[in-house]
Amino acid sequence: MKQEINPRETSRAYAFEMWMKAPMPMVTFFKTLDVTRLVRMSKRRGLKFNMLMCWCIGKAASGIKEFYLLPEGDKLMRFDSLAVNTIVANREGEVSSCDIPFSEDLSLFNEQYLTLTRQVAETCKNYDLPDSMVIGTSALARYDIDGAVGMYSGIFNNPFLIWGKYKRRFFKTTLTVSFQFHHTQMDGVQAACFLDELQRTITSLRQ
26 MKQEINPRET SRAYAFEMWM KAPMPMVTFF KTLDVTRLVR MSKRRGLKFN MLMCWCIGKA
86 ASGIKEFYLL PEGDKLMRFD SLAVNTIVAN REGEVSSCDI PFSEDLSLFN EQYLTLTRQV
146 AETCKNYDLP DSMVIGTSAL ARYDIDGAVG MYSGIFNNPF LIWGKYKRRF FKTTLTVSFQ
206 FHHTQMDGVQ AACFLDELQR TITSLRQ
């Protein structure tokens with residue numbers, strides 16, 4: 026569920042006035058994550074690395090109140106649920122978009138991830154959750170890239186993460202991610218806290 030709220034009654038009042046009409050209100054951070062534990066868990070338990078990344082993103086974001094707000098048009102909306110979007114290669118050789126509702130239960134999230142991505146791949150139809158605040162992701166897992174900056178379309182203001190191929194360094198595996206966010210939704214402090222929490226979430230996973 027989502028509802029329009031009065032920005033002046035929120036902690037984002039100043040940001041709303043400053044950034045809603047800015048020609049380029051998006052900010053991008055880069056961070057290199059230690060994903061050693063995630064890679065090991067993926068292999069030992071037969072879980073998709075991308076699914077685990079999406080769950081960790083949702084988990085890290087779920088404890089930060091700014092993630093439940095999103096500017097839409099000239100309004101500020103509040104959501105009561107989160108979802109993580111992933112891009113799916115469909116059976117026609119193109120790509121489709123799939124929103125996965127976030128659940129604290131990793132097993133449930135994995136089940137929904139597998140079911141929904143399979144459905145989208147077979148039907149070639151996007152699966153959208155318009156009543157959830159969606160965090161976008163794009164994984165270029167086959168490619169060794171140092172970073173990427175998302176495009177600002179002026180239509181979608183959702184936060185967005187991009188990553189490429191993870192890199193092995195002796196006993197450590199790292200992954201560089203870019204995180205793009207709308208300055209009305211959050212400031213640099215909240216964005217940095219999210220990325221730190223993402224690393225803590227990955228590190229605390231039980232293999």
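Adding 25 to a residue's 1-based position in the sequence shown gives its number in my numbering.
The beta carbon of each residue, even a glycine, is placed where N, CA and C say it ideally should be.
Looking at residue j and residue i, is the spacing between their C-beta atoms short of 8 Å?
i	j	result
leucine 95	glutamine 210	yes
alanine 47	phenylalanine 219	no
leucine 58	threonine 199	yes
glutamine 215	proline 184	no
glutamate 97	asparagine 182	yes
serine 121	lysine 84	no
aspartate 99	methionine 45	yes
threonine 142	cysteine 123	yes
glutamate 222	glycine 88	yes
Using only the alpha-carbon positions, how far apart do residue i and residue j sit?
i	j	result
lysine 197	proline 155	38 Å
threonine 201	aspartate 153	27 Å
valine 113	alanine 166	12 Å
serine 163	glycine 175	10 Å
lysine 27	arginine 103	5 Å
asparagine 31	leucine 101	7 Å
threonine 111	cysteine 81	13 Å
proline 126	aspartate 105	12 Å
serine 203	threonine 228	19 Å
lysine 56	tryptophan 188	10 Å
phenylalanine 195	alanine 173	25 Å
isoleucine 180	valine 109	18 Å
tyrosine 93	glutamate 129	16 Å
aspartate 169	arginine 231	28 Å
Can you check which of these residues, the options, is closest to residue i by C-alpha distance?
i	options	result
valine 52	Arg231, His207, Cys218 and Leu230	His207
arginine 62	Asp99, Gly213, Asp212 and Arg193	Arg193
tyrosine 191	Glu147, Arg70, Glu119 and Arg65	Arg65
glutamate 117	Glu147, Lys68 and Asp221	Glu147
aspartate 212	Phe54, Glu129 and Arg33	Phe54
glutamine 224	Val60, Thr35, Leu186 and Arg33	Val60
asparagine 115	Gly88, Asp130 and Gln144	Gln144
My assumption, with CB atoms under 8 Å, is that residue i sits in contact with residue j. Please give the rounded CB distance.
i	j	result
tyrosine 177	methionine 49	6 Å
(message) Quick check: the region 33-40 against the region 158-166, are at least 3 beta-carbon pairs closer than 8 Å?
(response) no
(request) Say whether the region 114-134 touches the region 72-80, bearing in mind that this needs 3 or more beta-carbon pairs closer than 8 Å, one atom from each stretch. (result) yes
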